[in-house]
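Start counting at 1 in the sequence shown, then tack on 42, and there's your number in our numbering. Positions of the beta carbon are idealized from the N, C-alpha and C atoms, including for glycine. In this text the structure is predicted, and so the values were computed from the model without any measurement.
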Amino acid sequence: MEHQIVIDKFKKIKLLLLDVDGVLTDGSIIYDDAGSQIKVFNVKDGLGIRLLMLSGVQVGIATGRRSKALLHRCENLGISLILDGLSTKTDVLNIIYQQIGILADEIAFVGDDLMDLPLMKKSGISIAVADAHELIRLHADMVTCTPGGKGAVREICETILKARNQWDNVINRFMFC
Numbered sequence: 043m044e045h046q047i048v049i050d051k052f053k054k055i056k057l058l059l060l061d062v063d064g065v066l067t068d069g070s071i072i073y074d075d076a077g078s079q080i081k082v083f084n085v086k087d088g089l090g091i092r093l094l095m096l097s098g099v100q101v102g103i104a105t106g107r108r109s110k111a112l113l114h115r116c117e118n119l120g121i122s123l124i125l126d127g128l129s130t131k132t133d134v135l136n137i138i139y140q141q142i143g144i145l146a147d148e149i150a151f152v153g154d155d156l157m158d159l160p161l162m163k164k165s166g167i168s169i170a171v172a173d174a175h176e177l178i179r180l181h182a183d184m185v186t187c188t189p190g191g192k193g194a195v196r197e198i199c200e201t202i203l204k205a206r207n208q209w210d211n212v213i214n215r216f217m218f219c
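Structural data, given as structure tokens:
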């Protein structure tokens with residue numbers, strides 16, 4: 043897709059919707075001896091999410107898995123829109139519209155694997171992380187330079203802020219503290 047068209051689409055975004063495994067994490071799932079899941083999240087992604095939310099863009103989660111680690115991370119970041127344990131992601135857009143009134147074309151969805159494709163096709167802008175499945179990258183409006191769990195979400199947050207002409211305001215918060 044042409045670069046200017048993608049930038050224009052980012053200007054309309056009111057919600058960044060994220061898959062978890064392979065997007066917020068590198069896709070690894072670690073189990074301890076008690077059978078509890080352990081997930082590793084990237085602190086740079088966390089700052090990007092906070093900056094985006096401070097700039098008025100909501101952030102939400104749409105994932106097939108349930109995890110206490112994810113709930114703790116979302117609580118830490120202030121993410122309250124958590125759609126987890128989904129068998130399919132096809133009804134997510136209707137649920138979001140009913141809960142918070144945001145339309146599909148106002149949503150940027152980030153995915154990495156085949157089950158994300160239906161939601162990517164229906165979202166306003168579809169984003170794939172650098173190490174996403176080949177088919178996902180092919181259908182994405184944007185593919186990050188960074189792999190999932192390694193700062194890809196931060197890259198996306200900065201792209202949205204720049205497209206909305208809010209990046210300088212963000213930087214100024216840090217320059218003149």
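In the three-state DSSP reduction, Gln100 falls in the strand class (E or B). For Val212 and Gly106, the gap between their C-alpha atoms comes out near 33 angstroms. When DSSP states are grouped into helix, strand and coil, Leu89 belongs to the helix group. Ile49 sits away from Gly166, with the two beta carbons spaced by 8 angstroms or more.
With respect to the 8 angstroms criterion, Gly102 and Leu59 are classified as neighbours on the basis of their beta carbons. Exposure of Phe216 is indicated by the presence of fewer than 16 other C-beta atoms within 10 angstroms of its C-beta. Straight across, the Cα-Cα distance linking Leu180 with Leu96 is about 31 angstroms. Where Leu58 is concerned, the enclosing beta strand (DSSP E) starts and stops at 57-60. 8 angstroms or more divides the Cβ of Leu119 from the Cβ of Ile202. Counting other Cβ atoms within 10 Å of its Cβ, Lys81 reaches 16 or more and is therefore classed as buried. Straight through space, the alpha carbons of Ile169 and Ala150 are spaced by roughly 7 angstroms. Looking at the DSSP output, Ile71 bridges to nothing. Judged by DSSP secondary structure, Ala174 falls outside any beta strand (DSSP E); it is assigned neither H nor E.
Gly193 is not a Cβ neighbour of Asp68, given a cutoff of 8 angstroms. Under the rule that a run must span 4 or more residues, the alpha helix (DSSP H) segments found entirely inside the region 119-145 read 134-142.
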